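Shown next, in structure tokens, is the structure this report addresses.
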Amino acid sequence: MSTTSTSSPLAAPRDPYKRQKSTRSNYELYSWIFMRASGVVLIVLIFAHLFVNLMVGEGVHAIDFGFVAGKWASPFWQIWDLLMLWLAMLHGTNGVRTIINDYAQRDGTRLVLKLALYLAFVVVTVLGTLVIFTFDPCPPNALDYQLPSFCTA
């Protein structure tokens, strides 16, 4: 009498290994690599951002509307903050996507959570990008009392 069944999904222990055809891509591998690389780049971006904003000059007491306006007048700082925004959003979205995949058991729940995540990603990234590139501290048709003190009327 044999104890192994031919309909069993497990192969016999002495059978040679046969690679199963897989339709999976290397998306999860590239996602894992991206998380490590973006984390390193984010550490550099964030600590340099904190150093410039908090340690150089008058420190935290100098941060106000004028400080941000002056900083974003430079294309260097616009690109720096844009890169920080995009990488942080991609990094965070990828991390939350992984958590959703790990803990959402039902397909419908997983779909709704991912749709909400991707919608939030798009909204925050688009709005943040627009703010960085369209920020004008001295709008041309504003009244004098609405302008900050550093704007010339």
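Sequential numbering from 1 applies to the sequence shown in the UniProt record's numbering.
Ideal Cβ positions, reconstructed from N, Cα and C, are used throughout, including at glycine.
Remember, predicted model here, so these are calculated numbers, not experimental data.
(request) Check whether the segment 71 to 91 touches the segment 143 to 151, counting contact only when three or more Cβ pairs, one atom from each stretch, lie closer than 8 Å. (result) No contact exists between the segment 71 to 91 and the segment 143 to 151.
(request) Report buried or exposed for S31, applying the criterion of at least 16 other Cβ atoms within 10 angstroms of its Cβ. (result) exposed
(request) For T93, I'd like the list of residues in its chain whose CB is within less than 7 Å of its CB, leaving aside the five on either flank, ordered along the chain. (result) L117 and F121
(request) Would you mind reading off the limits of the alpha helix (DSSP H) that contains Q105? (result) Segment: none, Q105 is in no alpha helix (DSSP H) and carries neither H nor E.
(message) Which of the three DSSP states is assigned to G70 in this structure?
(response) helix
(message) Using only the alpha-carbon positions, how far apart do V126 and G66 sit?
(response) Computed Cα separation, rounded: 24 Å.
(message) What would DSSP say about V56, mapped onto helix, strand or coil?
(response) coil
(message) Rounding to the nearest angstrom, what Cα-Cα distance links V52 and G39 in this structure?
(response) In a straight line, the C-alpha of V52 is about 20 Å away from that of G39.
(message) Does the distance between the C-beta of G92 and the nearest non-hydrogen atom of the ligand ADP fall short of 8 Å?
(response) Among the ligands in the structure shown, none appear at all, so the ligand ADP cannot be discussed.
(message) Quick check on the DSSP output: the alpha helix (DSSP H) that includes R36 runs from which residue to which?
(response) Residues Y27 to L50.
(request) Under 6 Å Cβ to Cβ from V60, same chain only, skipping five residues before and after it: list those, please. (result) L54
(message) DSSP three-state label for R97, please.
(response) Helix, per DSSP.
(message) Just to confirm before moving on: does the CB-CB distance between L83 and G128 stay below 9 Å?
(response) no
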